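One structure is given here, and the rest of the page talks about it.
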Amino acid sequence: NTHETARAIKNMALRRAQKYLKNVIEYKECVPFRRFNGGVGRCAQAKQFGTTQ
């Protein structure tokens with residue numbers, strides 16, 4: 003999970019990254035799983051990152 007979270011916030015502005023992580027906690031945005039995605043369900047919110055998991 004840490005790998006995927008770090009990849010999601012990489013190159014984001016600090017304020018945007020903080021808001022993103024708060025939204026993840028509140029289930030408003032998701033963390034896209036790209037590398038270690040075995041057994042992870044799909045999420046429609048991941049479309050903004052160009053993936054389905």
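Numbering (the numbering used here), first residue to last: 3 to 55. Yeah, the Cβ is synthetic: ideal placement off N, Cα and C, and Gly gets one too. Treat the numbers as computed from the prediction; the structure is a model and nothing was measured.
As assigned by DSSP and simplified to three states, the class of residue i
i, result
"residue 24", "helix"
"residue 35", "coil"
"residue 49", "helix"
"residue 2", "Any answer about residue 2 is impossible in this case: the structure gives the chain only from 3 up to 55."
Enclosing alpha helix (DSSP H) for residue i [first to last residue]
i, result
"residue 10", "4-11"
Other residues of its chain near residue i: CB distance less than 6 Å, five sequence neighbours each side excluded
i, result
"residue 51", "34"
Own chain, CB closer than 8 Å to residue i, minus 5 neighbours either side, in chain order
i, result
"residue 25", "31"
C-beta atoms of residue i and residue j nearer than 7 Å
i, j, result
"residue 11", "residue 19", "yes"
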